[in-house]
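One structure is given here, and the rest of the page talks about it.
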Amino acid sequence: MASLPRVTIRGARPDDWPRIADIYAAGIATRNATFETQLPTAEQLRAKWLPEMAWVAELGGEVVGWTAVMPVSGRDCYAGVGETSVYVTEAARGRGVGKALLFTQVVEADRAGMWTLQTSIFPENRASLALHHSAGYRTLAVRTRIAQLDGVWRDTVLLERRSEST
């Protein structure tokens, strides 16, 4: 029996953008992953991410997922609070890719001195909710009719993870 390739996590590089874009575009198309409706450019996306706080997952040398942390505010008092995203290709789901990405995200955020990570997930995205709960995120609230996507009001579940060092 052939073994499955191991998930490898590493920092995102500029040459990863085509795969990151493909993965993000697929997430946008589902209409259950983000309120975005158009794919941002590499420059727009990278400008949102905190330096050194974006990673990709590889299986067999192919990028199959990514995660990044963005600041929630430009105010100094919120410097340790980040908003997170995680995306995995459909073909790689259920193979530990999301778990490996989130593990890296929370460990590295703790090392960087971040005290809170937060994310908003559509309630229909049960797999992502379960994954985040397994990584130490807790549900804070369901934000009812928080924004419209394609003219339809949508809810999101607000989750956060607090560093154990704060």
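In our numbering, each residue carries its 1-based index in the sequence shown increased by 442. We put the CB at the ideal spot given by N, CA and C, even for glycine.
Where the beta strand (DSSP E) through residue i begins and ends
i	result
residue 562	558-563
residue 453	449-453
residue 496	496-501
residue 573	It is not in any beta strand (DSSP E) - residue 573 instead sits in the alpha helix (DSSP H) that spans 568-576.
residue 596	594-604
Residue span of the alpha helix (DSSP H) that contains residue i, given as start and end
i	result
residue 550	539-553
residue 486	484-490
residue 580	No alpha helix (DSSP H) holds residue 580; the beta strand (DSSP E) holding it covers 580-591.
residue 461	459-472
Exposure of residue i, with buried meaning 16 or more beta-carbon neighbours within 10 Å
i	result
residue 582	exposed
residue 524	buried
residue 483	exposed
residue 568	exposed
residue 454	buried
residue 479	exposed
residue 594	exposed
residue 489	exposed
residue 510	buried
residue 575	exposed
residue 452	exposed
Nearest-angstrom beta carbon gap, residue j and residue i [assumed within contact, 8 angstroms]
i	j	result
residue 603	residue 548	6 angstroms
residue 507	residue 465	7 angstroms
Counterpart residues of residue i in DSSP-defined beta bridges
i	result
residue 513	524
residue 536	The partner list for residue 536 (beta bridge, DSSP) is empty, contrary to what the question assumes.
residue 506	Answer by DSSP bridge pairing: none, since residue 506 is not bridged.
Residue-chain proximity (residue i, chain C), Cβ-Cβ < 9 angstroms
i	result
residue 575	Chain labels in this structure do not include chain C; a single protein chain is all it has.
On the three-pair Cβ rule with 8 angstroms, is the segment 518-530 touching the segment 445-461?
no
Cβ contact (3+ pairs, closer than 8 angstroms) linking the segment 585-605 and the segment 553-571:
yes
When you compare the segment 497-504 with the segment 570-589, are there three or more beta-carbon pairs, one atom per stretch, that lie closer than 8 angstroms?
no
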